[in-house]
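Chemist: Chains as they are written, first to last, in the numbering used here: chain A, 11 to 253; chain B, 11 to 253.
Pasting in a structure now, in structure tokens, and then I'll have a few things to ask.
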DNA sequence: GCTGGCAATTGACCTCGATCAAGGAATCCC
DNA sequence: GGGATTCCTTGATCGAGGTCAATTGCCAGC
């Protein structure tokens, strides 16, 4: 419940062995998280860097006895650093879907970055993408109405997790890997309000949701509701239109 | 007015010469900004890195014809990268006070980081501090009431710009280098509401403001209003209590 | 001194989203 | 299948904060 100094409630994960990471032999620890499993974050004793290999992971904060906040969504290939989440806010990684990640000590990673330019570039690119996404999230949460925030969120999810619908060119389908409550905490809405907005979108035909899968028949129409649609889509250099 | 493709409205700044930067000889461009002068940001043709030498600078976004948002406050010694602000959101740096900064090309900076470990560490530390501060700002804006947000803001300003009041140990004084409207845009409030909250704090004796200078007679009392007070203060490793 | 201009404050009103509470729907486990 | 969670939806009510407009305060310039 409300425990800020709780003992590590999430098991450190089954796999705890040095494993080859993304193409390089950097000593790290492989972690596997089940859905909703939590991993408490701390910069002590040392800073760590997480590389998400698969799945979707949320960065959440629990401040004292306040409601949980979802600060950020991590997608495959994202890199997260413990010092991004200040101490004292009860930060944790929470798996929204089953997830695999690698954990590295920052002080171990740094020499690799210096000796391997290509690796350093990949890290810098990952940091830059995540930073830009955080900027857009702040802009959304602090400047847009509930409906616009949900549209921003759907555009984000579709951009990072979606695939074009084979049928109609203007449609898209994607899994929404979060519960209503998690989405609400991400958008700074409460779950009831979010549900209402969802219902509104559904009844106006803009979106259909069934069993965690969202279908958007007319993508441009949804994007028109999202003030950030263009900026979010531009985060992804290549649209991966392999279909 | 509403111009998203406006020609560079802020002059690039008087000083445009290679200058020695913070202790190292890295080719950069010195910029001097007058109060409220704007510097449009773009990642094109190349990414840039800004190092704030003095003054306070705001990162603002202007989305199409929406009200301006203040995404972030930069303090002396902060490092800002253009790729932190995605294209398409009309990002700009705005000087809240007269400010001096150095601008570097990212591709020029990178070799220096690789060859100079100490420099790389300083850059990483600056990035980490700013990232943590952004996390707290998001937490504040997306989870706290208006009054709490203002308290968070005052704690932030005092932490980064304040000095202890010589008189009483528990008091603090600091300049608030932003207009009411800028503060409101930073806290995702409107100026009217912000003014009301300010008045409430003033009439309850928690804070006194005159001519841009705020005085807090009982600092712990103000900190108690700010859910993030502890986390914000912890961002500054050394409290610079040279007084 | 007066006067213009701008920032800040305050009041009256209204709206969006929060809250509280009840009712459905899907999933899991036996 | 029943039954128990858990998640989601929906209604009724309320309040924090937004909006619009009027007023006050603060300097600058003459």
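C-beta atoms are modelled at their ideal positions from N, C-alpha and C, and glycine is treated no differently.
#1: Could you tell me which uninterrupted beta strand (DSSP E) segments, each at least 3 residues in length, are contained entirely in the segment 93-180 of chain A, listed from first to last along the chain?
#2: Using CA atoms only, rank isn't needed, just tell me which of 80(B), 219(B), 147(B) and 54(B) is closest to residue 241(B).
#3: Do you know offhand how far residue 60(A)'s Cα is from residue 151(B)'s?
#4: Check for me: the beta strand (DSSP E) holding residue 83(A) runs from which residue to which?
#5: Restricting to Cα atoms, I'd like to know which of 228(B), 121(B) and 76(B) is closest to residue 158(A).
#6: Give the C-beta separation of residue 143(B) and residue 105(B) to the nearest angstrom, bearing in mind that I take them to be a contact with Cβ-Cβ under 8 Å.
#7: Closer than 8 Å, Cβ to Cβ, to anything on chain B: give me those residues from the segment 201-213 of chain A, in chain order.
#8: Alpha carbon to alpha carbon, how far is residue 171(A) from residue 181(A)?
#9: On the CB-based measure, 16 or more other CB atoms within 10 Å of its CB, does residue 187(B) come out buried or exposed?
#10: Would you mind reading off the limits of the beta strand (DSSP E) that contains residue 50(A)?
#11: With a threshold of 7 Å between beta-carbons, can residue 3(B) be considered close to chain A, or not?
#12: At a Cβ cut of 7 Å, what residues of the segment 82-99 of chain A count as close to chain B, listed as they run along the chain?
#13: Alpha helix (DSSP H) containing residue 202(A): first to last residue?
#14: Tell whether a beta-carbon distance below 7 Å holds between residue 202(A) and residue 80(A).
#15: To which residues of the same chain is residue 26(A) closer than 6 Å at the C-beta, ignoring the five residues directly before and after it?
#16: State yes or no: is the C-beta of residue 51(B) within less than 7 Å of the C-beta of residue 102(B)?
#17: Closest to residue 165(A) by C-alpha separation, out of 217(A), 114(A) and 213(A), would be which residue?
#18: In its own chain, which residues sit with a C-beta less than 6 Å from the C-beta of residue 109(A), not counting the 5 before and 5 after it?
#19: Might you give, ordered along the chain, the residues of its own chain that have their beta carbon closer than 7 Å to the beta carbon of residue 58(B), omitting 5 neighbours on each side?
#20: Going along chain A in order, which residues have a C-beta closer than 8 Å to the C-beta of residue 237(B)?
Modeler: Per the coordinate set shown:
#1: 102-105 and 109-115
#2: Walking along the second chain from the start, residue 241(B) turns up at place 231. Of 80(B), 219(B), 147(B) and 54(B), the residue nearest in Cα terms is 147(B).
#3: Here residue 60(A) refers to the residue found at position 50 of the first chain. Here residue 151(B) refers to the residue found at position 141 of the second chain. Straight-line Cα distance between these residues: approximately 26 Å.
#4: Here residue 83(A) is taken as the residue at index 73 of the first chain, counted from 1. Per DSSP, residue 83(A) is one residue of the beta strand (DSSP E) stretching across 79-84.
#5: In the first chain, the residue the question calls residue 158(A) occupies position 148. If we check each option's Cα against that of residue 158(A), 76(B) comes out closest.
#6: What you label residue 143(B) is simply residue 133 of the second chain in a count that begins at 1. What you label residue 105(B) is simply residue 95 of the second chain in a count that begins at 1. At roughly 19 Å, the Cβ-Cβ gap does not stay under 8 Å, so residue 143(B) and residue 105(B) are not in contact.
#7: The segment 201-213 of chain A vs chain B, Cβ under 8 Å: nothing.
#8: Here the question's residue 171(A) lines up with position 161 in the first chain. Here the question's residue 181(A) lines up with position 171 in the first chain. Rounded to whole angstroms, residue 171(A) to residue 181(A) spans 14 Å at the Cα level.
#9: Position 177 of the second chain, counting from 1, holds the residue named residue 187(B). Classification for residue 187(B): buried.
#10: Residue mapping note: residue 50(A) aligns to position 40 of the first chain, counting from 1. From DSSP, the beta strand (DSSP E) with residue 50(A) extends over 48-50.
#11: Any answer about residue 3(B) is impossible in this case: the structure gives chain B only from 11 up to 253.
#12: 93, 94, 95, 96, 97, 98 and 99
#13: Here residue 202(A) refers to the residue found at position 192 of the first chain. Per DSSP, residue 202(A) belongs to the alpha helix (DSSP H) from 201-213.
#14: What you label residue 202(A) is simply residue 192 of the first chain in a count that begins at 1. What you label residue 80(A) is simply residue 70 of the first chain in a count that begins at 1. No.
#15: Within the first chain, residue 26(A) is the residue found at index 16, counting from 1. At residue 26(A) the pLDDT is 32, less than 50, meaning the model places this residue with poor confidence; the figure from the coordinates comes in the next sentence. 39.
#16: Residue mapping note: residue 51(B) aligns to position 41 of the second chain, counting from 1. Residue mapping note: residue 102(B) aligns to position 92 of the second chain, counting from 1. Yes, the pair counts as a contact, with Cβ atoms nearer than the cut-off.
#17: What you label residue 165(A) is simply residue 155 of the first chain in a count that begins at 1. The candidate whose alpha carbon is nearest that of residue 165(A) is 217(A).
#18: Position 99 of the first chain, counting from 1, holds the residue named residue 109(A). Taken in chain order, the residues that qualify are 43, 65 and 67.
#19: What you label residue 58(B) is simply residue 48 of the second chain in a count that begins at 1. Within the same chain, residue 58(B) has close Cβ partners 92, 113, 114, 115 and 116.
#20: In the second chain, the residue the question calls residue 237(B) occupies position 227. The contacting residues are 73, 74 and 76.
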